[in-house]
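The next block holds one structure in the form of structure tokens; read it before the comments.
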Amino acid sequence: MTQVAHDETAFAPPAEVEEVELYHPKTFIGKYIWSQDAKVIAIQYSITAIGIGLVALVLSGIMRLQLGFPDTFSFIDPSSYIQNVTIHGMIMVIYLLTALFLGGFGNYLIPLMVGARDMVFPYVNMISYWVYLAAVLVLVASFFAPGGATGAGWTLYPPQAILPGTPGSDWGIVLMLISLALFIVGFTMGGLNYVVTVLQARTRGMSLMRMPLTIWGIFMATILALLAFPALFVSAIMMILDQTIGTSFFMPAVVSMGEQLDYDGGSPILFQHLFWFFGHPEVYIVALPAFGIVSDLISVHARKNIFGYRMMVWAIIAIGALSFIVWAHHMYVSGMHPYFGFFFATTTLIIAVPTALKVYNWVLTLWKGNIRLTVPMLFAIGFIFTFVNGGITGLFLGNVTVDVALSDTYFVVAHFHMVMAVSPILVVFGAIYHWYPKITGRMLNDTLGKTHFWITFLGTYAIYYPMHYLGILGVPRRYYANGVTDFIPESAQSLNAGITVAALIVGVAQLIFIYNLIISYSRGKEAGGNPWEATTLEWQTPDTPPKHGNFGDELPVVYRWAYDYGVPGAELDYIPQNQPPRPTSTDSEA
Amino acid sequence: MTVTLILLAGMMAVIVGWLIRQTTNVSPWVADTGVQEYDNNRNNPDQLQADSVKIGLGVFLAVATSLFALFISAYMMRMELADWSPLNDPDILWFNTAFLVVASVYFQLAHNSVKRLDANKVRTYFLVAGIFTFIFLIGQLEAWRQLSEAGYYLSNNPANAFFYLFTAVHGLHLFGGLWVWCKTTLKFAEAKGKAPEVAIVARSVELCTIYWHFLLVVWLVLFALFIYT
Amino acid sequence: MAIAIAVVILIIGSVLFHFWSPWWLTPIASNWGMIDDTINLTFAVTGFVFVAVNGFLAYVIIRYRHRDDKRATYEPENKKLEWWLIGLTTVGVAALLAPGLVVWAKLVDVPEDAAQVEVVGQQWHWSFRYPGADGVLGKVNSRLVNEDNPFGMNPDDPAGRDDILVRGNELRLPLDEPVKLLLRSKDVLHNFAVAQFRVKMDLVPGMVPYLWFTPTRTGKFDILCEELCGLGHFAMRGHVVIDERDDYEAWLSKQVTFADTLKQTKGDAVAGKILYGTCASCHGQGGQGNVALNAPKLSGQSGWYMTGQLKNFKSGVRGADENDPYGQQMAQMTALLYDDKAISDVAAYIRTLPDTPAPTTLESAAAKGAQIYSTCAACHGSNGQGISAMNAPRLAGMSDWYLVTQLNNFKAGVRGSHEQDKYGPQMLLMTSMLKNEQMVTDLVAYINTLGKPE
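Chains as they are written, first to last, in numbering that gives the first Met the number 0: chain A, 0 to 589; chain B, 0 to 228; chain C, 0 to 453.
Written as structure tokens, this is what we have:
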């Protein structure tokens, strides 16, 4: 059994072998602050992301107050309104969802689920978190800079992003861009880890096609992010130069506030191409981990193997590859050459096919299952329903002709909130209810969880479903006030008020979740090692929560895929991945 | 965006092709086949570590490729607009290019000497390569000085701006490489006299060689871009 | 179980909401009924998918709910079923895409006979340019834009001489004639959108995107900017009036050409002095204003604003509202100014009056107003000096009680809601940020602290 001893040191980078693998930190600071343990880093990422996400949630509440009751709240003016719009969007997309799915779930689940002791480069992994934290702090600092945070919209389109007339056009935008650049640097460090760990540190028997779909989703999303984030990095650097030094990468000759500026010849469309070259893959950077995680939730709680695993994997790969050639569907009415519309409408609608297949396979996994309606399962079902709704409205906006009528209206707002805000966040909640017992050793409270689910699921639907119809009517987005127009009836304002009430209820209901997280940490029911009777490796650890090194003395050996539920003839309705086919066949190790 | 598209399409094709090859003709639900097809490398932890670091570098180079491809795309799209006036590339760039080529060649020589277990040669070649890189960077700064003295500032014209931007980004990448080079040089000092002297530094030498070759290619592409536009 | 019922209720509720929703496409006013058709087609196809998939989901949840004595069916995959589903989805997607692309081909293909009209956007106003008699739009250059040449017309281009320049938020087009709108921006991105026409497109500085349509219904429709363009984005509005050919031509003939604007003479202050005699009885000899007579200070206010407001009073755009007694009074007085020349003369004379800051009458915390004013500053300038390019008059050093009255008038729609008022509606929207009386007072108290114009 010398094999085992080798495995001990197998998965750390050469330089750190001695210090990292053999040294288990003893002090509080070594354990929880300057930790190189992926699990601790995951929790650091998650808490930071959720914390900044709560800030963004409050910002959205303020926006809704203004939209629902435009004549009431004196502390919201047009500047702060669009600042809130901007920062809300930016935080939610990048600092919450991307960081939480990849930095949070990625760090926690990749080593555990592929059977590794840690990430391949733990030191780089630790730095990744601290750079991310710095990015968050710079973002927060921009609120307190002279002129406040940028109000250019989360797309940060020049010229307005760096011209007076937009709040935060001097300090706010620069800090925003610096923060993004930091985020990208931090993410790249983390992303290197996730990819190399999946490629190199899988335990014996964990072939690619035995990986849980969670890992597939996170893996592919990381590849997308690594290749797409440079586009944002490039545009951020070029915009910083335009703003500070006066280059004209994106800036044409403009007359701002009656004054001729020195800029000349640049192209705002160039920025849009770069931005959306990052921006569209970004949608899938958020969506693919959600797809993966929800697949596992459904399979575990329906006690049935995932239906069509291979197709699910190929769909993830196909979506990932296609997501790089659809970006300009965000730009149908941007003034780019109209012939691009033909190409991008076609590619965009093609991507609907693998996505639809995933939906079918989730439902077909439930079909003939033995469905336990646990809280994670409820969230997974809520996800399917919401995602179907958000996905099909994508067929409206992806189709260039329909988009012309609907773009820049609330239809777009409703669509992307359904598809990349509510859907992934329902998965996040489901995943936290699912893995919390492994992370803390205790179950989250079931009653609070169900209350949280029902308010969140029904509430978000009540917010966003009717909102589509405001968009069909033609109500434009990013408006501080609709005022009087010839086509928006009074009733639209009543609807807005209703949406605001629903939004506030959903917002406040998240406190139930936070309360549950805190209270269950000390008072939750003892979970045991595998409360959901799941097959994947993280549930087979000797300790719960798993200790540093994850798997005790011996790394698990994998004999089967992650979805052996309800196998005919088996003793239980699930077989863990590391259970040998026959009790006597362990000698195959040697 | 065509440049980026082609490059990324290439990279995606490699990734997707590799993944598809790994995943077709597998019946994942059949238990117990995976252990047999277990990669032999995994029985050798040293080799596995080496592979991981090398793959890590490969992934990073993919990211850097994407970065430079996007910069070049931006350059080519911006170039087509009306106000573009090409930059007069300073002649010193030819010398700098030569220095960088020499640096790369010496890294390759060092790497080759590793295979022949010739510690002295590895050390010498490695040091020389780094010094030539320093000369390249100083040459680049000199090119900046010449340009700004001739009145080509960053904000005059997009061609100037791109020149400064590209050389800066490329230079920073090299600078990062030199930091690793310095660390490795210290490792040489430590390793001196110890038994498997070459083995201690072998991996660093190999990684530096790959990285320098990559940055040389990037520079040649950028330089060609400057010359032909 | 509850979840299955919830899913069923949500499906039924969504479908009912769809059919009963009072919020739906506005009645169309252009030839792009085809866009509505593609929307309806998409609704039909996706609606079916929505009901089918979620209905099946609800069924499955009920049918296969957990039972202790049961196990799930073990079925790793079903290639045939999956390929069928992929095939059907592909057919459905193609059925949506094909008509979409056909219509898009029409959208990008402008008819030969389409008339060209230029739409010019700036923060946060619209203006419009017609090619004039020669049918050719003259050359423009944003480098030539200045106070006297807001369109950036090239005076050396003969084709531009007869171009008709419409400053101020109203576009008119003839019924049933195709039109190609050329979209130009002076500063940032904007988007020309009219809900009833269905089409929209960005205005991008440095290039000229276009869109085309044929109006099919007379009437007045709102133009909204639908690309975030700064803090006044929501207030960047205009309207398009679709007229019968004759009415359109009558209107067009009254508009000024570029050549006209070159000929316009400056007002004559000497002639204006005589006319000002009447004004002086209320506004004072020095134009210093008189709070007792509700006459605001005039001196120091810029000429373009004075001219514009006098014209507004004269034409009944301002001072027609019954809740504006002093405005009505003013409207009568302007009857004495018999023509545009008289108006610019008197405005020119007012420019010569000595400018001493009006006495302050307000006691309020200026500090609170500073935050509010940061929004106003975008147009009126950080010192309240007024910026003509933004159509924003001077505020600093003017009568504070008058500012309070006017802000309240805007808020109440007493001022700025006349349909011919070019720039008033914007203030109507902007004052919606002043949510109570105290904010108005705080704001004006802060304006009182601002320095004199440079």
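Glycine included, C-beta positions come from ideal geometry on N, C-alpha and C.
Computed from a prediction, not measured in an experiment: that's the story for all the values here.
Discussion item. Looking at the strands, I want to know which residues DSSP matches up with C/GLN115.
Written reply: C/GLN115 pairs with C/LYS179.
Worksheet item: Are the C-beta atoms of C/PHE212 and some chain A residue less than 8 angstroms apart?
Response: no
Practice prompt. Could you spell out where the beta strand (DSSP E) holding C/ASN190 opens and where it closes?
Written response: 189-192
Worksheet item: Applying a beta-carbon distance threshold of less than 9 angstroms, which residues of chain B neighbour A/LEU179?
Response: Listed along the chain, the chain B residues whose CB falls inside 9 angstroms of the CB of A/LEU179 amount to none; the nearest CB is some 14 angstroms away.
Discussion item. Less than 8 angstroms between C-beta atoms, sequence neighbours within five positions excluded: which residues of the same chain meet that for C/ALA268?
Written reply: ASP344, ALA347, TYR348, ARG350, THR351
Worksheet item: Along the region 173-190 of chain B, what residues have a CB closer than 7 angstroms to any CB found in chain A?
Response: none
Fill in: Nonlocal neighbours in the same chain, by C-beta distance under 7 angstroms from B/ILE71, ignoring five residues either side
Around B/ILE71: VAL2, LEU224.
Worksheet entry | C/CYS228 (DSSP reduced to helix, strand or coil) | coil
Fill in: Any 3 or more C-beta pairs closer than 8 angstroms across the region 118-125 of chain A and the region 35-47 of chain A
yes
Worksheet item: What number of angstroms, rounded off, separates the C-alpha of B/ASP88 from the C-alpha of A/LEU321?
Response: 39 angstroms
Worksheet item: Which term fits C/TRP103, buried or exposed, when burial requires 16 or more other beta carbons within 10 angstroms of its beta carbon?
Response: buried
Fill in: C/LEU361 and C/VAL443 closer than 8 angstroms at C-beta
yes
Worksheet entry | C-alpha gap between B/SER203 and B/GLN107, whole angstroms | About 12 angstroms.
Discussion item. Residues of chain A with CB closer than 7 angstroms to the CB of C/GLU225, please, in chain order.
Written reply: Close partners of C/GLU225 in chain A (Cβ separation under 7 angstroms): ASP407, PRO475.
Item to complete: Kindly indicate if chain A contains any beta-carbon less than 8 angstroms away from that of C/TYR63.
Response: yes
Worksheet item: Do the region 368-382 of chain A and the region 413-429 of chain A meet, that is, are 3 or more Cβ pairs less than 8 angstroms apart?
Response: yes
Worksheet item: Going along chain A, which residues have a C-beta under 9 angstroms from C/GLN195?
Response: GLY473, ASP485, PHE486
Worksheet entry | C-beta neighbour in chain C for A/GLN576, strict 8 angstroms | no
Worksheet item: Using CA coordinates, which residue listed in A/PRO211, A/THR165, A/PHE228, A/PHE341 is at the minimum distance from A/PHE306?
Response: A/PRO211
Item to complete: Answer with buried or exposed for A/LEU472, where buried requires no fewer than 16 other C-beta atoms within 10 angstroms of its C-beta.
Response: Residue environment: A/LEU472 is assigned as buried (16 or more neighbouring CB atoms within 10 Å of its CB, all protein chains considered).
Worksheet item: Does A/GLN259 have its Cβ less than 8 angstroms from a Cβ in chain C?
Response: yes
Discussion item. I'd like to check one pair, A/ALA160 with A/MET151: are the Cβ atoms closer than 8 angstroms?
Written reply: Per the sequence presented here, residue 151 of chain A reads as Ala, with Met not at that position. In this structure, A/ALA160 lies closer than 8 angstroms to A/ALA151 by Cβ.
Discussion item. Cβ closer than 7 angstroms: which chain B residues qualify as neighbours of A/GLN199?
Written reply: LEU47, ASP50, SER51, ILE54
Item to complete: Would you mind working out which of C/ILE10, C/ASP399, C/MET0, C/VAL239 sits nearest C/SER126, comparing C-alpha positions?
Response: C/VAL239
Item to complete: To the nearest angstrom, report how far apart C/GLN384 and C/GLY318 are at their CA atoms.
Response: Approximately 25 angstroms, taken between the alpha carbons.
Discussion item. Can you tell me whether C/ASP441 is helix, strand or coil according to DSSP?
Written reply: helix
Worksheet item: Going by beta carbon distance, what residues of the same chain come within less than 8 angstroms of C/ASP68, once the five residues before and after it are set aside?
Response: none
Fill in: Segment limits, alpha helix (DSSP H) that includes A/GLY88
77-89
Worksheet item: Relative to the alpha-carbon of A/ILE244, which residue among B/ALA198, B/ALA63, B/ASN159 has its alpha-carbon at the smallest distance?
Response: B/ASN159
Practice prompt. Report the residues of the region 373-389 of chain C with a CB closer than 7 angstroms to any CB of chain A, ordered along the chain.
Written response: SER373, THR374, ALA377, ILE386, SER387, ALA388, MET389
Practice prompt. Starting from C/LEU210, trace the beta strand (DSSP E) both ways and give me its first and last residue.
Written response: 209-212
Fill in: Neighbour list for A/ILE172 in chain B, Cβ cutoff strictly below 7 angstroms
The premise fails here: A/ILE172 is roughly 18 angstroms from chain B at the closest Cβ pair, so nothing lies under 7 angstroms.
Worksheet item: Which residues mark the beginning and the end of the alpha helix (DSSP H) in which A/PRO423 is found?
Response: 422-439
Discussion item. With three or more C-beta pairs closer than 8 angstroms as the rule, is the region 517-533 of chain A touching the region 85-92 of chain A?
Written reply: Not touching, per the Cβ criterion.
Discussion item. Using only the alpha-carbon positions, how far apart do A/ALA4 and A/ARG203 sit?
Written reply: With a pLDDT of 35 at A/ALA4, under the threshold of 50, the modelled position of that residue is not reliable, and no figure is offered here.
Fill in: Cβ of C/SER23 within 8 angstroms of any chain A Cβ
Sequence check: residue 23 of chain C is Trp here, not Ser. Yes, contact with chain A.
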